[in-house]
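Residue numbers (the numbering used here): 31 to 492. In what follows, a single structure is set out as structure tokens and then discussed.
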Amino acid sequence: KTLSLDDLYAAGEDDFDFEATRRAVQPDDVITLIYTSGTTGNPKGVEMTHANLLFEADALDAVLGVRFGDRITSFLPSAHIADRMMALYNQELFGTQITVVSDARAIAAALPDIRPTIWGAVPRVWEKLKAAIEFAAANEPEEERRQALQWALAVAAKRAAALVAGELVPDDVAAEWAKADELVLSKLRAKLGLDQLRWAVSGAAPIPKETLGFFAGIGIPIAEVWGMSELSCVASVSHPRDARLGTVGKLLPGLEATIAEDGEYLVRGPLVMKGYRKEPAKTAEAVDADGWLHTGDILAMDSDGYLRVVDRKKELIINAAGKNMSPANIENTILAACPMVGAMVTIGEARPFNTALMVFDADSVAPYAAQHGVSDASAAALAADPEVIARIAAGVAEGNAKLSRVEQIKRFRVLPTLWEPGGDEVTLTMKLKRRPIAEKYAAEIEELYASEPGPDVHATSL
31 KTLSLDDLYA
41 AGEDDFDFEA
51 TRRAVQPDDV
61 ITLIYTSGTT
71 GNPKGVEMTH
81 ANLLFEADAL
91 DAVLGVRFGD
101 RITSFLPSAH
111 IADRMMALYN
121 QELFGTQITV
131 VSDARAIAAA
141 LPDIRPTIWG
151 AVPRVWEKLK
161 AAIEFAAANE
171 PEEERRQALQ
181 WALAVAAKRA
191 AALVAGELVP
201 DDVAAEWAKA
211 DELVLSKLRA
221 KLGLDQLRWA
231 VSGAAPIPKE
241 TLGFFAGIGI
251 PIAEVWGMSE
261 LSCVASVSHP
271 RDARLGTVGK
281 LLPGLEATIA
291 EDGEYLVRGP
301 LVMKGYRKEP
311 AKTAEAVDAD
321 GWLHTGDILA
331 MDSDGYLRVV
341 DRKKELIINA
351 AGKNMSPANI
361 ENTILAACPM
371 VGAMVTIGEA
381 RPFNTALMVF
391 DADSVAPYAA
401 QHGVSDASAA
411 ALAADPEVIA
421 RIAAGVAEGN
431 AKLSRVEQIK
441 RFRVLPTLWE
451 PGGDEVTLTM
461 KLKRRPIAEK
471 YAAEIEELYA
481 SEPGPDVHAT
491 SL
């Protein structure tokens, strides 16, 4: 049913006292409920107050800067606090312009029309955009344009290498980059629709340093953020001009933090939630008597206050030899080298070595099939295609080379299916539901460790 604004106004009570109602609202009143993703248990309703979200908006404005008329896209689920904060509350407080893209898969095509001045995305969106740029550069039909693109991206890669290493960009590289930017990279940003960005962020999951370096190399610096629903969205970030690749910036002003003996990061301050809806026991577990929120995340801090996310405390892998590992770090490293893979889950808890279950990226299979003349682009057909498996195996080997020996993936299996956002395996923002995955694919996991695995299990070359 569609209701016009006039009808909505007419349906209101004639004697409604707006002023009295407005004044009755207190800072500690609940403004909204956001349910957690449920990756480590049942979803919980996080109660956020007016004070929580006003502080969040002010803190983000102080660090990043939000202006009247800033153009922002809304394409992530509105049940997620990131979209709610950026698209709804920022609009109310700062007068930003919001363009809703109802199908997240269409966001790249929409950007040239929107030309956002502020843009944020989850890592997988940034990784897909990177893969699309590289694919376009490699397959540009016009020889002169292809050579120009490949030259500019090679120069950008030199700049990125210095930034990823935390070094100053050499003068000769900076001069060459300025030329590449004038001739090619500025036009590339315009074609992407990202030429008017003032700042860009990535959040909800760790993003590979190589991906951050790639975009910094083409002139789109990205600031990685860290936060959670229990902290009213973002709790740490630095402006892209101050960001350090591989970190999630610094804690927002007004918050305080400490690191527990087991490495868990604890936060206290105005962003801490009021509690979990009708769950006092779980609230007491999360927020202790001294007001510290136990985030469940393992973070490390350098001498300048920049934070680095290690992993979720509950998701760390301890192998049969007692070695602690971050599955997220392993997965991000491998995924960065495997553009056809949409998601992977690392298996290794109490096991002698690490293995992985993988699924294809839904947006990559059709272009691959068209480019290589493959008639059947279904996940099942591609998972059985030796050439496809060889490409993925090469990517796994490339990723393994960047991991310590104990972290490396020894065997993998590509499942003949896709994992849909909001399905059994991943959340709407593509966070892995590790426990349900382990239960649903128990037989496939056991086969990864069989003494004589079947033909669907592939060993990696180390």
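Glycine included, every Cβ here is placed at the ideal spot set by N, Cα and C. Since the model is a prediction, treat every value here as computed from it, not as a measurement.
Could you tell me which residues DSSP pairs with residue i in its beta bridges?
{"i": "Cys368", "result": "DSSP, once it has assigned bridges, lists no residue as partnering Cys368."}
{"i": "Lys74", "result": "DSSP, once it has assigned bridges, lists no residue as partnering Lys74."}
{"i": "Ala151", "result": "Ser232"}
{"i": "His324", "result": "Leu296"}
{"i": "Trp181", "result": "BP columns for Trp181 are empty, so no partner."}
{"i": "His488", "result": "Phe442"}
{"i": "Tyr65", "result": "Gly75"}
{"i": "Arg342", "result": "Asp327"}
{"i": "Ile348", "result": "Asn354"}
{"i": "Leu281", "result": "Ser266"}
{"i": "Arg101", "result": "Gln127"}
{"i": "Tyr306", "result": "Val76"}
{"i": "Phe390", "result": "Val371"}
{"i": "Ile422", "result": "Bridge partners of Ile422: none, in fact."}
For residue i versus residue j, is the C-beta spacing smaller than 7 Å?
{"i": "Pro236", "j": "Asn362", "result": "yes"}
{"i": "Leu193", "j": "Leu275", "result": "yes"}
{"i": "Arg342", "j": "Gly326", "result": "yes"}
{"i": "Lys217", "j": "Val203", "result": "no"}
{"i": "Ile475", "j": "Ile377", "result": "yes"}
{"i": "Ser266", "j": "Leu242", "result": "no"}
{"i": "Pro357", "j": "Ser232", "result": "no"}
{"i": "Leu445", "j": "Thr385", "result": "no"}
{"i": "Arg455", "j": "Lys461", "result": "It is Glu, not Arg, that sits at residue 455 in the sequence shown. No."}
{"i": "Val487", "j": "Arg441", "result": "yes"}
{"i": "Gly223", "j": "Arg145", "result": "yes"}
{"i": "Ala234", "j": "Ala253", "result": "no"}
{"i": "Gly247", "j": "Ala186", "result": "yes"}
{"i": "Ala414", "j": "Val395", "result": "no"}
{"i": "Gln56", "j": "Thr147", "result": "no"}
{"i": "Val340", "j": "Ile328", "result": "yes"}
{"i": "Glu77", "j": "Met303", "result": "yes"}
{"i": "Ala166", "j": "Phe244", "result": "no"}
{"i": "Ala409", "j": "Thr447", "result": "yes"}
{"i": "Val418", "j": "Ile439", "result": "no"}
{"i": "Thr277", "j": "Leu337", "result": "yes"}
Which residue from the options puts its Cα closest to that of residue i?
{"i": "Leu183", "options": "Leu198, Gly249, Ala195", "result": "Gly249"}
{"i": "Phe383", "options": "Ala489, Asp44, Ala273, Asp201", "result": "Ala489"}
{"i": "Ile75", "options": "Ala431, Tyr336, Met258", "result": "Per the sequence presented here, residue 75 reads as Gly, with Ile not at that position. Here the closest residue by C-alpha is Met258."}
{"i": "Tyr295", "options": "Asp318, Thr313, His324, Ala273", "result": "His324"}
{"i": "Gly352", "options": "Ala380, Ala358, Gly425, Ile328", "result": "Ala380"}
{"i": "Pro238", "options": "Leu365, Val456, Arg228, Leu213", "result": "Leu365"}
{"i": "Lys344", "options": "Leu337, Asn354, Ala350, Leu222", "result": "Asn354"}
{"i": "Ser67", "options": "Phe48, Ala112, Asp100, Val93", "result": "Ala112"}
{"i": "Asp133", "options": "Val60, Pro451, Val317", "result": "Pro451"}
{"i": "His402", "options": "Leu83, Asn169, Asp318", "result": "Asn169"}
{"i": "Ala151", "options": "Trp229, Trp181, Arg175", "result": "Trp229"}
{"i": "Lys470", "options": "Ala136, Ser405, Val375", "result": "Val375"}
{"i": "Val264", "options": "Leu94, Ala195, Val426", "result": "Leu94"}
{"i": "Thr62", "options": "Leu83, Thr51, Ala190", "result": "Leu83"}
{"i": "Arg135", "options": "Arg443, Arg52, Lys158", "result": "Lys158"}
Compute the beta-carbon to beta-carbon distance between residue i and residue j, rounded to the nearest angstrom, for a pair I have assumed lies under 8 Å.
{"i": "Thr126", "j": "Val96", "result": "7 Å"}
{"i": "Trp322", "j": "Val389", "result": "At roughly 38 Å, the Cβ-Cβ gap does not stay under 8 Å, so Trp322 and Val389 are not in contact."}
{"i": "Leu301", "j": "Phe124", "result": "Contact flag wrong, Cβ pair sits at about 18 Å."}
{"i": "Glu437", "j": "Ala367", "result": "That belief does not hold up - the Cβ atoms of Glu437 and Ala367 are roughly 14 Å apart, past 8 Å."}
{"i": "Val371", "j": "Asp391", "result": "6 Å"}
{"i": "Thr79", "j": "Asp59", "result": "6 Å"}
{"i": "Ala161", "j": "Trp181", "result": "Actually they are not in contact, since the Cβ atoms of Ala161 and Trp181 sit about 20 Å apart, beyond 8 Å."}
{"i": "Ala297", "j": "Leu346", "result": "Correcting the residue identity first, residue 297 is Val in this sequence and not Ala. So it is not a contact: roughly 20 Å between Cβ atoms."}
Q: Inspect the CB distances between the region 103-120 and the region 137-150 and report whether three or more fall short of 8 Å.
A: yes
**Q.** Cβ contact (3+ pairs, closer than 8 Å) linking the region 85-93 and the region 282-291
**A.** yes
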